[in-house]
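> Read top to bottom, the protein sequences are chains R and H. First residue of the first sequence: 536, per my numbering; consecutive thereafter. First residue of the second sequence: 536, per my numbering; consecutive thereafter. Don't be surprised by glycine CBs; every beta carbon is placed ideally from N, CA and C. Structure below; questions to follow.
There are 2 protein chains.
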Amino acid sequence: MRVIIADCSAVYSGRGDSTLARGTRAILIKSDGSVSIHNDNSNKPLNYMKTASQLITINGDGEEVWSFDARHELLQITIHRIHGSFEEQLLDKSNEPGLKVDGTEAHLQQWLFDHPEALGPGITTLQREFQTGAGAVDILAVGSDGAPIAVEIKRVAAAGAADQVRRYVENMRTLDPADFLHAQTGEIHQLDFTQTTGLIAALDLRPKLLDLAQKRGLPTVAVPAYWRN
Amino acid sequence: MRVIIADCSAVYSGRGDSTLARGTRAILIKSDGSVSIHNDNSNKPLNYMKTASQLITINGDGEEVWSFDARHELLQITIHRIHGSFEEQLLDKSNEPGLKVDGTEAHLQQWLFDHPEALGPGITTLQREFQTGAGAVDILAVGSDGAPIAVEIKRVAAAGAADQVRRYVENMRTLDPADFLHAQTGEIHQLDFTQTTGLIAALDLRPKLLDLAQKRGLPTVAVPAYWRN
DNA sequence: TGGTGCATTTCGCCC
DNA sequence: GGGCGAAGTGCACCA
Numbered sequence: 536m537r538v539i540i541a542d543c544s545a546v547y548s549g550r551g552d553s554t555l556a557r558g559t560r561a562i563l564i565k566s567d568g569s570v571s572i573h574n575d576n577s578n579k580p581l582n583y584m585k586t587a588s589q590l591i592t593i594n595g596d597g598e599e600v601w602s603f604d605a606r607h608e609l610l611q612i613t614i615h616r617i618h619g620s621f622e623e624q625l626l627d628k629s630n631e632p633g634l635k636v637d638g639t640e641a642h643l644q645q646w647l648f649d650h651p652e653a654l655g656p657g658i659t660t661l662q663r664e665f666q667t668g669a670g671a672v673d674i675l676a677v678g679s680d681g682a683p684i685a686v687e688i689k690r691v692a693a694a695g696a697a698d699q700v701r702r703y704v705e706n707m708r709t710l711d712p713a714d715f716l717h718a719q720t721g722e723i724h725q726l727d728f729t730q731t732t733g734l735i736a737a738l739d740l741r742p743k744l745l746d747l748a749q750k751r752g753l754p755t756v757a758v759p760a761y762w763r764n
Numbered sequence: 536m537r538v539i540i541a542d543c544s545a546v547y548s549g550r551g552d553s554t555l556a557r558g559t560r561a562i563l564i565k566s567d568g569s570v571s572i573h574n575d576n577s578n579k580p581l582n583y584m585k586t587a588s589q590l591i592t593i594n595g596d597g598e599e600v601w602s603f604d605a606r607h608e609l610l611q612i613t614i615h616r617i618h619g620s621f622e623e624q625l626l627d628k629s630n631e632p633g634l635k636v637d638g639t640e641a642h643l644q645q646w647l648f649d650h651p652e653a654l655g656p657g658i659t660t661l662q663r664e665f666q667t668g669a670g671a672v673d674i675l676a677v678g679s680d681g682a683p684i685a686v687e688i689k690r691v692a693a694a695g696a697a698d699q700v701r702r703y704v705e706n707m708r709t710l711d712p713a714d715f716l717h718a719q720t721g722e723i724h725q726l727d728f729t730q731t732t733g734l735i736a737a738l739d740l741r742p743k744l745l746d747l748a749q750k751r752g753l754p755t756v757a758v759p760a761y762w763r764n
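Printed below as a string of structure tokens:
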């Protein structure tokens, strides 16, 4: 990775357009060809571009212009003055063990699948990522009455989650009845999809979601912060 | 900003949990207290934390442990070996002119408001960010028949956009009739909100959105890439 | 390779 | 300061 501290300005054109006025910043150029311009604030770069080819030219003022070119995108950095520059060998990609993350939605999904009692009394979980024509439902479950439940899981459930589960429920209600073998218990559940209802389980249920859920008669479950035990 | 090239490992605990195995990486510590660990690939850091206080301790192996502590979050970086370190003064926050971005959804919204013909024949735009009880509609318009239209604008319209506009339309249909003064023409539009329909305008209409829109009879408008002229 | 949806999302605007 | 929705979103998974 190369780090250049420079008084620079930048112009980007591609998915959008942006201009960055002159100032001293840190330019990171990684070995995969990605570039980013950082100021001294926050973790997000001001400008950036993924993998790109670099071309250096000289402008009318005798300054270097670094052009990073990728398909349909162009980032041009004008270098007014370089204050410092250094290159260091980092761990190469093939040896990077990567970041292991826990507590994601996928983990929460697995945990709720294994602890159906957390979703409500009498609920049995049948399948994760149940495919409907309108997208995959996080968990397909059945209530004590045997009716299918589309369970939407979120770490943070905003208004859109209520729309999402409604879309799945609407689609599932058009499905033909089906027998469903529960992998663990060996029981066969006869699913009448016309009776499908929805359920939202989340660590954080936002106010607008709760409002919408109430209006639509959509039950919600607040999973406690200490869910993983 | 301080840049440290070090053989390091890291543990994060907070909104989620993560572990980063040992390897040589670049650690960025900015003057606002934000930290990020970069490898030689992509612009996104492996680990990161916003503003935090730093504390240095020594572990059982005699290695430095840098702890970055913020409310409900902790990032601990174990430094196995430092290969390089340097500190450079960057443009301070008060002088940072910031990044000027063009071509955002807000710009597209303004442009469509000013060019209602791009939304369809006979459409008149009345107000931006029209507030409903279910959120703000990007543009309130009326069709040639005088019926209100909730226009949802996206740069990229995915399935959720169809849900969003449906939510707004449902809410608007419960509103009382109202007279609406058009600021430019001075005309008064008598709006019967029970007749509200939806419309999606986007630069990129994703397949699943088009599918949903078709099923729901929701019209879509593909704004050409050269919209700004 | 493109489509879909999550993210330790982050960030900015508005209330 | 919290709520809400966009982002030049990025990214990983899956078809």
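#1: Which same chain residues, not among the five before or five after aspartate 739(H), have their C-beta less than 6 Å away from its C-beta?
#2: Enumerated in chain order, which unbroken segments of the beta strand (DSSP E) with a length of 3 residues or greater are wholly contained in the stretch 688-746 of chain R?
#3: Which value, in whole angstroms, describes the spacing of the CA atoms of threonine 613(R) and proline 742(R)?
#4: For lysine 628(H), return the contacting residues in chain R, with the cut-off set at a CB-CB distance below 9 Å.
#5: Could one say the Cβ of lysine 779(R) lies closer than 8 Å to chain H's Cβ atoms, at least one of them?
#6: Could you name the residues of chain H that threonine 559(R) contacts, counting a contact when the two beta carbons are closer than 9 Å?
#7: For a contact meaning CB atoms closer than 8 Å, what does glycine 638(R) contact in chain H?
#8: Measuring only the C-alpha atoms, how far is alanine 718(H) from leucine 661(H)?
#9: Could you confirm whether any beta carbon from chain H is found closer than 8 Å to the beta carbon of tyrosine 703(R)?
#10: Express the C-alpha separation of lysine 689(R) and glutamate 622(H) in angstroms, rounding to a whole number.
#11: Could you work out which residues of chain R lie near alanine 694(H), taking near to mean beta carbons separated by less than 8 Å?
#12: For leucine 675(R), which of Arg557(R), Lys635(R), Ile735(R), Ile562(R) has the nearest alpha-carbon?
#13: Can you list, in chain order, the residues of its chain whose CB lies under 6 Å from that of valine 570(H), leaving out five sequence neighbours each side?
#14: Let me know the beta strand (DSSP E) ranges lying completely inside the stretch 542-627 of chain R, each 3 residues or longer, listed in chain order.
#15: What first and last residue would you give for the alpha helix (DSSP H) that runs through glutamate 664(R)?
#16: Three or more C-beta pairs closer than 8 Å, one from the stretch 591-606 of chain H and one from the stretch 651-666 of chain R: is that the case here?
#17: Give the C-beta separation of proline 712(R) and aspartate 727(R) to the nearest angstrom, bearing in mind that I take them to be a contact with Cβ-Cβ under 8 Å.
#18: Identify, in the order they occur along the chain, each residue of the same chain with its Cβ nearer than 6 Å to the Cβ of isoleucine 540(R), setting aside the five sequence neighbours on each side.
#19: For glutamine 699(R), would you say it is in contact with chain H, using Cβ-to-Cβ distances shorter than 8 Å as the test?
#20: Starting from the Cα of valine 758(H), find the closest Cα among Gln644(H), His573(H), Leu634(H), Ser553(H) and give me that residue.
#21: Do alanine 682(H) and glutamine 730(H) have their CB atoms nearer than 8 Å?
#22: Hey, glutamate 631(R) and glycine 551(H): beta-carbon distance below 8 Å or not?
#23: Could you pull the start and end residues of the alpha helix (DSSP H) that leucine 647(R) belongs to?
#24: What whole-angstrom Cβ distance do glycine 549(R) and leucine 609(R) have, given they're in contact under 8 Å?
#25: Within 10 angstroms of its Cβ, does alanine 737(H) collect 16 or more other Cβ (buried), or is it exposed?
#26: Alpha carbon to alpha carbon, how far is asparagine 574(R) from threonine 667(R)? Give it in angstroms, no decimals.
#27: With burial defined as no fewer than 16 other Cβ atoms inside 10 Å of the residue's Cβ, what is the status of tyrosine 761(H): buried or exposed?
#28: Which of the three DSSP states is assigned to alanine 757(R) in this structure?
#29: List the residues of chain R that leucine 566(H) touches, going by C-beta distances under 8 Å, in chain order.
#30: Check the Cβ of leucine 581(R) against every Cβ in chain H and list those closer than 7 Å, keeping chain order.
#31: Would you mind reading off the limits of the beta strand (DSSP E) that contains aspartate 680(R)?
Looking at the atomic coordinates:
#1: Val691
#2: 713-716, 723-726, 732-740
#3: 46 Å
#4: Asn574, Asp575, Asn576
#5: A question about residue 779(R) goes unanswered here, because the residues of chain R that appear run from 536 up to 764.
#6: Glu623, Gln624, Leu625, Leu626
#7: Arg550, Gly551, Asp552
#8: 8 Å
#9: no
#10: 41 Å
#11: Ala669, Gly670, Arg702
#12: Ile735(R)
#13: Ile564, Met584, Phe603
#14: 552-564, 570-573, 582-584, 588-593, 599-605, 608-622
#15: From DSSP, glutamate 664(R) is part of no alpha helix (DSSP H) but of the beta strand (DSSP E) over 659-667.
#16: no
#17: 5 Å
#18: Ala561, His618, Gly619
#19: yes
#20: Gln644(H)
#21: yes
#22: no
#23: 640-649
#24: 6 Å
#25: buried
#26: 45 Å
#27: exposed
#28: strand
#29: The residue you asked about is not leucine; residue 566(H) is serine in the sequence shown. Chain R residues near serine 566(H): Asp575, Asn576.
#30: Leu634
#31: No beta strand (DSSP E) contains aspartate 680(R), which DSSP labels as neither H nor E.
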